[in-house]
Amino acid sequence: MAETITLLDEMGNKVEFQVLATFGIDDAEYLALLPVDDMKSLTYLLRIDYDEDGGVVLVGIDNDDEFKDVIEVYEKIQKEKLQ
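Okay, structure coming up:
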């Protein structure tokens, strides 16, 4: 069974996500998620950061160039899975 995680949405509701992939680019780590209850939804791509205690913090990617790079690498990973 695929790995899942539960996050809170903007309204504080719990949403379960399937982890599609984790991958790194340079010194950064990223996570691709898909809502379990809406498998036709768009894929969420988030950067994995760490707080001062070493805890994981998932962050949206605001930089357009970084986001384009993340999409490119994620699409490459998905194509490799299909081969």
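Just add 2 to wherever you are in the sequence shown, counting from 1, and you've got the numbering used here.
Cβ coordinates follow ideal geometry from the N, Cα and C atoms, glycine included.
As the structure is a computational prediction, the values presented were derived from the model and not from experiment.
*asked:* Using the Cβ count rule (16 or more neighbours within 10 Å means buried), how would you classify residue 34?
replied: Sequence index remark: in the sequence shown, residue 34 carries index 32 (1-based). Residue 34 comes out buried.
*Identify, in the order they occur along the chain, each residue of the same chain with its Cβ nearer than 7 Å to the Cβ of residue 43, setting aside the five sequence neighbours on each side.*
If you number the sequence shown from 1, residue 43 lands on position 41. Around residue 43: 36 and 37.
_Out of 56, 48 and 53, which one is the CA nearest neighbour of residue 63?_
On the sequence shown, position 61 is the one that residue 63 refers to. Nearest of 56, 48 and 53 to residue 63, Cα basis: 48.
*Is the CB-CB distance between residue 19 and residue 10 below 8 Å?*
In the sequence shown, the residue the question calls residue 19 occupies position 17. In the sequence shown, the residue the question calls residue 10 occupies position 8. Taking 8 Å as the Cβ cut-off, residue 19 and residue 10 do not qualify as a contacting pair.
*Taking all protein chains shown into account, decide if residue 52 is buried (16 or more other Cβ within 10 angstroms of its Cβ) or exposed.*
Start at 1 with the first residue of the sequence shown, and residue 52 comes out as number 50. Answer is exposed; the Cβ neighbour count stays below 16.
*Option in 75, 7 and 83 with minimal Cα separation from residue 17*: Numbered from its first residue, the sequence shown carries residue 17 at position 15. Residue 17 has its Cα closest to that of 7, out of 75, 7 and 83.
*Within 8 Å, strictly: CB atoms of residue 4 and residue 79*: Start at 1 with the first residue of the sequence shown, and residue 4 comes out as number 2. Start at 1 with the first residue of the sequence shown, and residue 79 comes out as number 77. The answer is no: Cβ separation not under 8 Å.
*Which residue from 74, 85 and 67 puts its Cα closest to that of residue 25?*
Residue mapping note: residue 25 aligns to position 23 of the sequence shown, counting from 1. Of the candidates 74, 85 and 67, the one whose C-alpha sits nearest the C-alpha of residue 25 is 74.
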